[in-house]
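In this note's numbering, the protein residues as written are 2 to 396. In this text, a Cβ means the ideal position worked out from N, Cα and C, and glycines have one as well.
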């Protein structure tokens, strides 16, 4: 690998370029001081994370997703986390209608002021040079508020559509590691560079402008395997863990294991999880709505297909455990259940914080309705409990 002289066609001086760089802890809400950070999961997709045939789910439009982003931004949420999807799952079109995540993030960056815009990248769907350039562009539009969520992908039909080989699990992480190391070089190298790896060959690599965030834009990943956990520990700033179906002691052990993984390589990584929210005036009403939308009106085809391509089946669980898992899968892509009154939900979020969870990305059947309920009744309880500071959009 060799370095070249700075690009001759560049017109911006080194000092001018450096003036654009800013410490990401001052620009990116993922590094906020809130003990419990909040995000939204899947608002770029039709039906979000809700595998249901219910008419309560609004159709995805730009105006709708913009409204969701603006509500979350004004409430002080830290992150908008999209699902990268290229094909529908199941026979009823679940998630088939969706907004591509880089351009979606760029559009929402221009209508928000605080929240971090996450671009979820299927690594085999974009070259590192293109990914690095797109993230840097969103970082400039947003003033340093972009996060790159790196995913290997698991839905095999998407790989076939894109003409990519569906590599074995650990092999996909080898590809992902090289992909990100190359992205990082495009973000940091001021001189042209050559790169010869196992999966990529670059001659005269160059990218300007660099991202606003220094030293790098923030990174997310949701790996759950040993290889995935190693990737999170080494590269990510926020790593996701699925906690649905675990008691709090087992969940605490998972979160502590993630912290230990990062400490072993001299890093600190925030552990996030996802959760689906059904908030009603009584617990009975919330449970009845869960039954209606995700059992009586469930999109069983989407749930079965997702489980199949995730490599999950009933042979590894008792029948009641398998059905509980499938319910969480249909209700929120396997997210943690927050079902009940505002008090119930606030108390459950406090328990997650107590075991070391730093952030929770929420999904709702209807994001607008759900956010309005959550912001009015749950947020004040989290603030009173010291988990979050009151947020003023103009502070």
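{"Check": "Complete runs of the beta strand (DSSP E) confined to the stretch 175 to 244 [at least 3 residues]", "Outcome": "192 to 197, 202 to 206, 219 to 222 and 239 to 241"}
{"Check": "Neighbourhood of residue 43 by C-beta distance below 6 Å, restricted to the same chain and skipping five residues each side", "Outcome": "49, 50, 84 and 364"}
{"Check": "Span of the alpha helix (DSSP H) around residue 256", "Outcome": "249 to 265"}
{"Check": "Integer Cβ distance of residue 146 from residue 29, believed to fall under 8 Å", "Outcome": "6 Å"}
{"Check": "Alpha carbon of residue 234 to alpha carbon of residue 290, nearest angstrom", "Outcome": "38 Å"}
{"Check": "Spatial neighbours of residue 412 in its chain, beta-carbon cut-off 6 Å, leaving aside the 5 residues before and after", "Outcome": "The structure shown does not extend to residue 412, since the chain is modelled only from 2 through 396, so no value can be given for it."}
{"Check": "Which of helix, strand or coil DSSP assigns to residue 28", "Outcome": "coil"}
{"Check": "Inter-residue Cα distance where the pair is residue 106 and residue 68", "Outcome": "14 Å"}
{"Check": "Selection from 100, 76, 215 and 270 that minimises the alpha carbon distance to residue 87", "Outcome": "100"}
{"Check": "Cα-Cα separation, residue 115 to residue 74", "Outcome": "6 Å"}
{"Check": "Assigned secondary structure, residue 99 (DSSP; H/G/I helix, E/B strand, else coil)", "Outcome": "strand"}
{"Check": "The stretch 251 to 269 touching the stretch 181 to 196, judged by at least three CB pairs closer than 8 Å", "Outcome": "no"}
{"Check": "Through-space distance from residue 31 to residue 167, alpha-carbon basis", "Outcome": "32 Å"}
{"Check": "Collapsed DSSP secondary structure at residue 389 in the structure displayed", "Outcome": "coil"}
{"Check": "Status (buried if at least 16 other CB within 10 Å, exposed otherwise) for residue 383", "Outcome": "buried"}
{"Check": "Candidates 334, 118, 379 and 41, of which the one nearest residue 155 by Cα", "Outcome": "334"}
{"Check": "CA-to-CA distance, residue 183 to residue 209, given in whole angstroms", "Outcome": "15 Å"}
{"Check": "Closest by C-alpha distance to residue 120, when choosing among 140, 112, 113 and 288", "Outcome": "140"}
{"Check": "Local conformation of residue 122 per DSSP, three classes", "Outcome": "strand"}
{"Check": "Residue 89 beta carbon less than 7 Å from that of residue 97", "Outcome": "yes"}
{"Check": "Cα-Cα separation between residue 40 and residue 24, rounded to whole angstroms", "Outcome": "22 Å"}
{"Check": "Secondary structure of residue 279, DSSP reduced to three states", "Outcome": "strand"}
{"Check": "Continuous alpha helix (DSSP H) stretch holding residue 142: start and end", "Outcome": "129 to 143"}
{"Check": "Collapsed DSSP secondary structure at residue 156 in the structure displayed", "Outcome": "coil"}
{"Check": "Distance, residue 348 Cα to residue 332 Cα", "Outcome": "20 Å"}
{"Check": "Of the residues 292, 357 and 356, the one placed nearest residue 325, counting alpha carbons only", "Outcome": "292"}
{"Check": "Sequence ranges, beta strand (DSSP E) only - wholly within the stretch 322 to 380, length at least 3", "Outcome": "337 to 341 and 360 to 364"}
{"Check": "At least three beta-carbon pairs within less than 8 Å, the stretch 127 to 143 to the stretch 337 to 344", "Outcome": "no"}
{"Check": "Euclidean distance between Cα positions of residue 310 and residue 304", "Outcome": "10 Å"}
{"Check": "Close-in-space but distant-in-sequence residues of the same chain around residue 82 (CB under 6 Å, 5 per side omitted)", "Outcome": "40, 42, 119 and 362"}
{"Check": "Exposure label - residue 117; buried when at least 16 CB within 10 Å", "Outcome": "buried"}
{"Check": "Where residue 385 falls, given that 16 or more other Cβ within 10 Å makes a residue buried", "Outcome": "exposed"}
{"Check": "Exposed unless 16 or more other CB atoms sit within 10 angstroms - verdict on residue 135", "Outcome": "buried"}
{"Check": "CA-to-CA distance, residue 262 to residue 138, given in whole angstroms", "Outcome": "32 Å"}
{"Check": "Exposure label - residue 220; buried when at least 16 CB within 10 Å", "Outcome": "buried"}
{"Check": "Every unbroken alpha helix (DSSP H) within the stretch 35 to 109, with a cutoff of 4 residues, ordered by chain", "Outcome": "63 to 76"}
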